[in-house]
Amino acid sequence: MADEITYKITLWTEHISGAGTDATMYGQLIGENGKSAEVVFDNAGNDFEYGTWGTYSITTTDIGEPTQLRLFHDNGGYRPGWCLGLGHVQHYAPVEGSRYPKLTQWNLVIDTTVEADDLTDAFGERTKTVPGVWLASDSGGIDKTFNLKRSSKR
């Protein structure tokens, strides 16, 4: 049996009105040599709420270098649309002769903005838009694939 690799997926539900969802969320990693199974993202408690981080795992056979993350939901529950603000994928690999693993991180490429409820940004400035993308049936679909960019941090 081939070795399995576990990736940690961390996602930020944007801090804007209506951003959270009660829909069942799924993820799938796509790599240079294949793709993972579709995995339900579900932790204990209430996931994908307004202004929260969530971390989920995908364990798969070797798919090569991850290049994309597919996120989608079942469009169920009350107000099923979801607004993703940020995200990244991480993998910790053992290093021979060291007790410390090597971390590799890929950031989701989100090059769109969404309208916000007149927020104050990190510099104290008022803003009407924030980085993000909606996964909603009325705004382009409930199934989207995001490119991954390898982080320059080592």
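The sequence shown runs 28 to 181 under this note's numbering.
Just so you know, even glycine gets a beta-carbon here, dropped at the ideal spot from N, CA and C.
Within 9 angstroms, strictly: CB atoms of residue i and residue j
i, j, result
"Thr37", "Thr82", "yes"
"Leu56", "Pro93", "yes"
"Asp89", "Asn60", "yes"
"His42", "Tyr77", "yes"
"Arg97", "Thr172", "yes"
"Gly108", "Ile85", "no"
For residue i, the three-state DSSP class (helix, strand or coil)
i, result
"Met28", "Because Met28 sits at a pLDDT of 48, beneath the cut-off of 50, its placement in the model cannot be relied upon, and the following sentence gives the value as read from the coordinates. Of the three classes helix, strand and coil, the one that applies to Met28 here is coil, per DSSP."
"Arg93", "Inspection of the sequence shows that residue 93 is occupied by Pro rather than by Arg. Pro93: strand per DSSP, three-state reduction."
"His42", "coil"
"Asn174", "strand"
"Glu76", "coil"
"Ile57", "strand"
"Asn134", "strand"
Per DSSP, cross-strand counterpart(s) of residue i
i, result
"Ile23", "With the chain running from 28 to 181 in the structure shown, residue 23 is simply not present."
"Glu142", "Thr156"
"Gly104", "None, per the DSSP bridge assignment."
"Ala163", "Gly168"
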